[in-house]
Amino acid sequence: MDNQRGASETAETADLEGYVRAVKTDLATRLRHVRQHHPEGPFTLAQLAERAGVSKRTLASAESADGTNLTIETLVKVAYSLGIQRPAYFLDDQVFRQVNVELETVKEFRRRGVHSVALRTATSSSPAAASVSALSDLLQGILASAKAARDTLHELPAADGGEPNADDGEL
């Protein structure tokens, strides 16, 4: 009976170690992704370490294949330094996807020269993640429509019958 219990405990330990390894790999991938794709980046390990107030060695170890046991404090510091208000970004796949959509929207706004957007909500000071995602999709659609309208206007002949409208101003 002791042999069966020992084998079962060994299998559970192996499963747990595999799970821990998978979480560390996901964390490393997410850390590397946000470092390379952040709207204000890409950041080197040294730049992100300085920005977050953690050591470069800690971040390098976290991004390595072996990973490291990051503290909650380190995860919160890195997330906060990047403007990510949900440290679960590094651990939860759904949060990772939602925040990346938000960061891509910010990156697109910056690319288009948008400096600020005013948002209001009637029910809560913190809209649900689904609302933020829907708003992000809506704003991206508006930007795409504005670009299409601008492109169409550029193709129209000028009012005086001369060259097509060459105004390069943003809408």
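For any residue, its number in my numbering is found by taking its place in the sequence shown, counting from 1, and adding 571. The beta-carbon is built from N, C-alpha and C at its ideal position, and this holds for glycine as well. Owing to the predicted nature of the structure, the values given are computational and were not obtained by experimental measurement.
Counted within 10 angstroms of its Cβ, other Cβ atoms place A633 as buried (16 or more) or exposed: buried
Let me check you understand the geometry: is the CB of S716 closer than 7 Å to at least one non-hydrogen atom of the ligand FAD? Inclusion of the ligand FAD in the displayed structure is not the case, the ligand content being empty and no account of it being possible.
Nearest-angstrom Cα distance between H604 and L724? 38 Å
To the nearest angstrom, how far is the alpha carbon of I713 from that of L630? 38 Å
Using 10 angstroms around the beta-carbon of A787, count the other beta-carbons present and answer buried if the total reaches 16, otherwise exposed. In the structure as shown, the chain starts at 572 and stops at 742, and residue 787 therefore has no counterpart that could be examined.
So Q711 and E679 are in contact, right, with Cβ under 8 Å, and what is the actual spacing, rounded? 7 Å
CB of L602 within 8 Å of CB of F661, strictly: yes
For T676, which residues in the same chain have their Cβ closer than 8 Å to its Cβ, ignoring the five residues on either side in sequence? S707, L710 and Q711
Distance, A715 Cα to A599 Cα: 33 Å
Just to check my reading of the structure: R628 and S652 have Cβ atoms closer than 8 Å, yes? What is that Cβ distance to the nearest angstrom? So it is not a contact: roughly 17 Å between Cβ atoms.
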